[in-house]
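Trainee: Each residue of the sequence shown is one higher than the last, beginning at 1 in UniProt numbering. Glycine residues also receive a C-beta, built at the ideal position from the N, C-alpha and C atoms. These numbers were taken from a predicted model, which means no experiment stands behind them.
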Amino acid sequence: MLHPSYSDLMKVVNSEVEQGDTPVVNSRYSIVMATAKRARQIIARQSKGDLDVKIVSKPLSKAVAELNEGKIRILPPEPEQEENAEESKNTL
1 MLHPSYSDLM KVVNSEVEQG DTPVVNSRYS IVMATAKRAR QIIARQSKGD LDVKIVSKPL
61 SKAVAELNEG KIRILPPEPE QEENAEESKN TL
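1. Helix, strand or coil: which one does DSSP assign to residue 73?
2. Starting from residue 93, trace the alpha helix (DSSP H) in both directions and tell me its first and last residue.
3. Taking C-beta to C-beta, are residue 34 and residue 60 nearer than 7 angstroms?
4. Identify whether residue 17 lies in helix, strand or coil by the three-state DSSP scheme.
5. Determine, using beta carbons only, whether residue 23 and residue 68 come nearer to each other than 7 angstroms.
Written out as structure tokens, the structure reads:
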């Protein structure tokens, strides 16, 4: 089981969103994608030797902990990126 839960992580990520605004994250998929991306960044930094301290936990566990502690943020997609994504969906 994942600790903290998805709902707890979603609350942390959306804590800075003002009431009435669109939440940054509204699905488990977004949490999974964000933590996976951060885990890949941690692995890349480890392989380059950029991290001074050896990480004892697994990269994904470290990414989840960082997200839960508010050390990293998930940014909403920019409008231009959304438009390009829609255009690429509609073209074959």
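Mentor: On the basis of the coordinates in this document:
1. coil
2. Outside the shown range of the chain, which is 1 to 92, sits residue 93, and nothing can be said about it.
3. no
4. coil
5. no
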